[in-house]
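Structure, as structure tokens:
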Amino acid sequence: MEPQPAPYTLARNKSYCNFCPGYCCYRLPGATLYLDALDINRLARHFGISDGTFRRRYLENKNTFRTRADGSCPLLATDRMCKRCTVHEARPRQCREFPYDKPCPYLENPGLLELIQPRVERSLAGKSDDHR
Ligand code: SF4
Ligand code: SF4
Numbered sequence: 002m003e004p005q006p007a008p009y010t011l012a013r014n015k016s017y018c019n020f021c022p023g024y025c026c027y028r029l030p031g032a033t034l035y036l037d038a039l040d041i042n043r044l045a046r047h048f049g050i051s052d053g054t055f056r057r058r059y060l061e062n063k064n065t066f067r068t069r070a071d072g073s074c075p076l077l078a079t080d081r082m083c084k085r086c087t088v089h090e091a092r093p094r095q096c097r098e099f100p101y102d103k104p105c106p107y108l109e110n111p112g113l114l115e116l117i118q119p120r121v122e123r124s125l126a127g128k129s130d131d132h133r
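In terms of my numbering, the sequence shown opens at residue 2 and continues consecutively.
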């Protein structure tokens, strides 16, 4: 039997992340980013504030980020030329691990992209309220 080429995958190794506006940094219905106590403490130390202050400033429901009006994470850069995580070194574990060594679902699923792309474009156009 002829050897088959390896299946083509997009962001399995995060190689596309540097060129992506951060689709995974926008909340979709049913998808929630959870922060554990270690994440919260790491981020609080990153900002030089207490865990409690970090929780009050950035979290809702104890362990997930508040979002801006467009659903974006409050720690996503608002620079119109570059949408990036502003706390990259201290970002939560779930952000580090996504997409869990699998193809990135945002880049492979047109339905997800259709949901997220308009939010990204509104955000890039500066039409998002900043709820920080
Ligand atoms: S995991 Fe996917 S959506 Fe998130 S930054 Fe990387 S390529 Fe973009
Ligand atoms: S902490 Fe950074 S990587 Fe995680 S959702 Fe927010 S902006 Fe995206």
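Every residue, glycine too, gets a C-beta built ideally from N, C-alpha and C.
Thinking residue i and residue j are a contact (beta carbons under 8 Å), I'd like their distance in whole angstroms, please.
i      : j     : result
Asn64  : Leu36 : 5 Å
Arg69  : Tyr59 : So it is not a contact: roughly 11 Å between Cβ atoms.
Tyr107 : Tyr24 : 4 Å
Cys105 : Cys74 : Their Cβ separation, rounded to whole angstroms, is 17 Å, which puts Cys105 and Cys74 out of contact at 8 Å.
Could you check which residue in the options has the C-alpha nearest to that of residue i?
i      : options                      : result
Ala38  : Ala91, Arg120, Phe99         : Ala91
Val135 : His89, Asp71, Arg58          : Given a span of 2 to 133 for the chain in the structure shown, any question on residue 135 remains unanswerable.
Asp40  : Arg123, Ser124, Arg94        : Arg94
Ser16  : Phe99, Leu29, Asp80          : Phe99
Leu76  : Pro119, Ala126, Arg28        : Arg28
Phe20  : Gly49, Arg85, Gly112, Gln118 : Arg85
Gly127 : Ala78, Phe55, Phe48, His47   : Ala78
Thr33  : Pro111, Leu114, Cys96        : Cys96
Val88  : Leu44, Pro22, Gly31          : Leu44
Would you list the residues sitting across from residue i in a DSSP beta bridge?
i     : result
Thr65 : Tyr35, Glu61
Tyr27 : Ser73
Just checking residue i against ligand 3 - is the residue's beta carbon closer than 7 Å to any of the ligand's heavy atoms?
i      : result
Leu114 : Ligands present in the displayed structure are limited to ligand 1 and ligand 2, and ligand 3 is not among them.
Ordered list of alpha helix (DSSP H) runs contained in the stretch 84-112, each at least 4 residues
94-98, 106-109
Residues near ligand 2, criterion Cβ-heavy atom distance below 6 Å
Gly23, Cys26, Leu34, Cys74, Leu76, Leu77, Cys86, Val88, Arg92, Pro93, Cys96
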